[in-house]
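Residue numbers (this note's numbering), protein chains in the order written: chain X, 1 to 130; chain H, 131 to 260; chain L, 261 to 390; chain Z, 391 to 520.
This is the structure in C-alpha cells:
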C-alpha cells in the first residue's frame with residue numbers, strides 16, 4: 001500500500017462524499033494496520049478524525065468490514081465487548097472496509113462523518129478505486 | 131506454570147487449530163495472570179494478538195472461562211460493564227479457560243482468531259494438554 | 261485551515277523531503293489543534309506517524325516550534341516533564357512549527373522521519389507554502 | 391516473518407540466555423510492528439514481558455537498535471521525549487534490534503530481563519539466527 005495508492009483511494013472516497021453532500025474523515029491503513037494517509041474534508045466532525053483512523057485499523061485487524069463486525073458485537077453477540085480490546089482502537093460500527101489484492105488483505109479504508117450508511121457507502125467508493 | 135508447560139499447551143492448541151483450519155493467536159498466563167508465552171499462527175488476525183493475551187488474563191483474574199463470564203456481562207447482566215475494569219484487560223467473550231492443577235487455578239489459556247465457538251474449542255484442546 | 265491549505269503545505273514539505281532524500285510523515289493541524297491531514301511517504305518510519313501528528317498538536321497547543329519548546333523541556337529546564345501532560349500528546353523535539361495568518365496562529369505542521377534538523381527543515385518548507 | 395522464523399530466532403536467543411545465566415523475555419515482531427511470538431523464560435521478570443514486546447515494536451517503528459536510539463534520547467539529545475509517543479510503546483534502552491532481509495527491515499526482536507548489555511547480547515544472538 002503506497003502513498004499513491006492511498007491518495008487514489010481517498011480521492012475516490014471524496015468524490016462520493018461530495019456527491020452525497022456529507023463531509024467526511026477518510027483514512028487508509030497498510031497491511032500492518034498502520035496509517036498511510038488521512039484527510040478531514042472541510043466541515044467534517046473533529047470527533048471523527050480518530051474514528052476514521054480506528055475504523056481502518058479495525059478492518060485490517062480482523063479482515064472484516066466494521067459494518068459486519070457490528071452485527072457480532074451487540075449485546076448477546078459472540079464478539080460483544082471486543083471494542084475494549086486493542087487499547088481502544090476497535091470501532092464496531094459501519095465505515096471500515098478491508099482492501100484486498102489478489103485475494104489477500106493488504107490494508108483498509110476507514111470513513112467517519114455521517115450516518116453509518118453514508119460512511120460505508122463512501123468507504124465502498126474508496127475501496128472500489130483500489 | 132513453566133515455559134515448557136506453556137509450550138506443550140500451545141502445541142496442543144495449534145494441532146486443534148490446524149484441524150479446524152482456522153489460524154489462531156494463542157496465549158498462556160501464569161498464576162499471577164502474567165503472560166508466559168504467545169504465538170500468532172501464520173495468517174491469524176493481528177487484532178487478536180491483544181485479545182488472546184487478555185482472554186488468558188481474564189480467565190485467571192476471575193477463575194472462569196470467558197465464555198461463562200460472557201453470560202453475566204451482557205446488557206442487563208450482573209457484571210455488565212466489567213470489561214472496562216482492569217485498565218481494559220478484561221475480555222468477555224469465548225476463548226479463555228483457566229488451567230487447574232490439583233483443583234487450584236494456576237494459570238490460563240487465551241485463544242483468539244475465529245468464531246467464539248472455534249476459539250473456545252482450541253482453548254479446550256490446549257487446556258486438555260495440561 | 262482548509263483541506264486545500266493542508267494539501268498545499270504537505271506538497272511543499274514533500275518536495276523538500278525528496279530533495280534531502282529522507283522520507284517523512286507530515287501532518288497539518290487546524291486552530292483547534294485537530295488533524296486536518298496526514299501523509300506517510302513510502303519508506304517513512306511507522307513510529308513517526310504518531311509523532312508527526314503530535315508535533316503538529318504541540319506546536320499549536322503552545323504556539324511554539326517544538327524545536328524551541330525542546331530547549332525548555334530538558335532535565336533541569338522550566339518545562340521539564342511537560343510531555344506527560346495532555347494525555348501524552350506533547351512532543352518536545354524538533355519538527356513542529358506553528359502556522360500563522362495575519363500574525364495569528366491558525367494551525368501547525370508536524371514532521372517526523374529523520375534527524376531533528378531534517379524534520380525541522382521539512383516543516384519549514386511546508387510552513388513557507390502557507 | 392512467519393511463526394517458524396520467530397521460533398528459530400527465539401530459540402537462538404534462549405541458547406544465549408542460558409549461556410550467560412540470565413533468564414529473559416524474548417519477543418519477535420513483524421514488518422507492521424505487530425507481535426508474532428513471545429516467551430518468558432522461567433524466572434524472568436514479569437515487568438519485562440511488556441518491555442520485550444515494546445522493544446521489538448520500537449526497533450521496527452524506527453528501524454534502529456534501541457541501544458542506538460538511547461544515545462539520541464537522553465536529556466539534550468535530538469530525540470529526548472520520544473518515549474512518550476506511540477501511546478507509551480517506545481522503549482529507549484538496549485535490547486531491541488531490527489531484523490533485515492535483503493537489506494529491508496521486515497521485523498524486530500526485543501529482549502528484556504537483565505542488564506542492557508545482556509539484553510542486547512541475547513537480542514543479537516537471536517537476530518543472527520535470521
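Each residue gets a CB set at the ideal place from its N, CA and C atoms; glycine is no exception.
The straight-line gap separating the alpha-carbon atoms of residue 504 of chain Z and residue 432 of chain Z is approximately 13 Å. Each residue's CA atom was taken as its position, placing residue 28 of chain X and residue 179 of chain H some 21 Å apart. Along the stretch 419 to 431 of chain Z, the positions whose C-beta sits under 8 Å from a C-beta of chain H are 422, 424, 425, 426, 427, 428, 429, 430, 431, read in chain order.
Looking at the DSSP output, residue 170 of chain H bridges to H:155. The Cβ of residue 436 of chain Z sits closer than 8 Å to at least one Cβ of chain H. Residue pairing for residue 489 of chain Z: DSSP places it in a beta bridge opposite Z:497. Around the beta carbon of residue 34 of chain X, 16 or more other beta carbons sit within 10 angstroms, so the residue counts as buried. In the DSSP annotation of this structure, the continuous segment of the alpha helix (DSSP H) that includes residue 4 of chain X starts and ends at 3 to 20.
Within chain X, the residues 42 have their CB atoms less than 7 Å from the CB of residue 262 of chain L, given in chain order.
When DSSP states are grouped into helix, strand and coil, residue 477 of chain Z belongs to the helix group. The residue from X:83, X:51, X:59 with its alpha-carbon nearest to that of residue 97 of chain X is X:59. With 16 or more other Cβ atoms inside 10 Å of its own Cβ, residue 55 of chain X counts as buried. Residue contact with chain Z for residue 179 of chain H: present (Cβ-Cβ distance below 8 Å to some residue of chain Z). In the three-state reduction of the DSSP assignment, residue 180 of chain H falls in the helix class, which pools H, G and I.
Under the Cβ criterion of 8 Å, residue 87 of chain X is counted among the residues facing chain Z.
Residues of the same chain with a CB within less than 7 Å of the CB of residue 384 of chain L, apart from the 5 flanking positions on each side, are 357 in chain order.
Of all alpha-carbon atoms in X:12, X:66, X:87, the one lying nearest the alpha-carbon of residue 95 of chain X is that of X:66. The C-beta of residue 223 of chain H comes closer than 8 Å to at least one C-beta of chain X. As the crow flies, the alpha-carbon of residue 323 of chain L is around 15 Å from that of residue 313 of chain L. The continuous alpha helix (DSSP H) containing residue 198 of chain H extends over residues 196 to 202. Interface flag for residue 412 of chain Z against chain L is unset, since no Cβ pair is found closer than 8 Å. Residue pairing for residue 112 of chain X: DSSP places it in a beta bridge opposite X:25. Annotation for residue 155 of chain H: 170, 174, 178, 179, 182, 242, 243 place their beta carbon closer than 6 Å to its own, counting only its chain and skipping 5 residues before and after. At a cut-off of 8 Å between beta-carbon atoms, residue 189 of chain H makes no contact with chain X. DSSP places residue 119 of chain X within a helical segment (H, G or I) once states are collapsed to three.
For residue 184 of chain H, the C-beta contacts it makes with chain X under 7 Å involve 85, in order along the chain. Between the alpha carbons of residue 207 of chain H and residue 240 of chain H lies a distance of about 23 Å.
Under a 10 Å Cβ-count criterion, residue 85 of chain X is classified as buried, with 16 or more other Cβ atoms of the shown protein chains found around its own Cβ. For residue 270 of chain L, the closest of L:377, L:359, L:328 by C-alpha to C-alpha distance is L:359. Take residue 306 of chain L, set aside five residues on each side of it, and the residues of its chain with a beta-carbon closer than 8 Å to its own are 300, in chain order. Residue 15 of chain X has its alpha-carbon roughly 49 Å from the corresponding atom of residue 516 of chain Z.
In this model, residue 57 of chain X and residue 106 of chain X are separated by some 12 Å (Cα to Cα). No Cβ-Cβ contact shorter than 8 Å links residue 427 of chain Z with residue 512 of chain Z. Spanning the alpha carbons of residue 153 of chain H and residue 480 of chain Z requires a straight line of approximately 29 Å.
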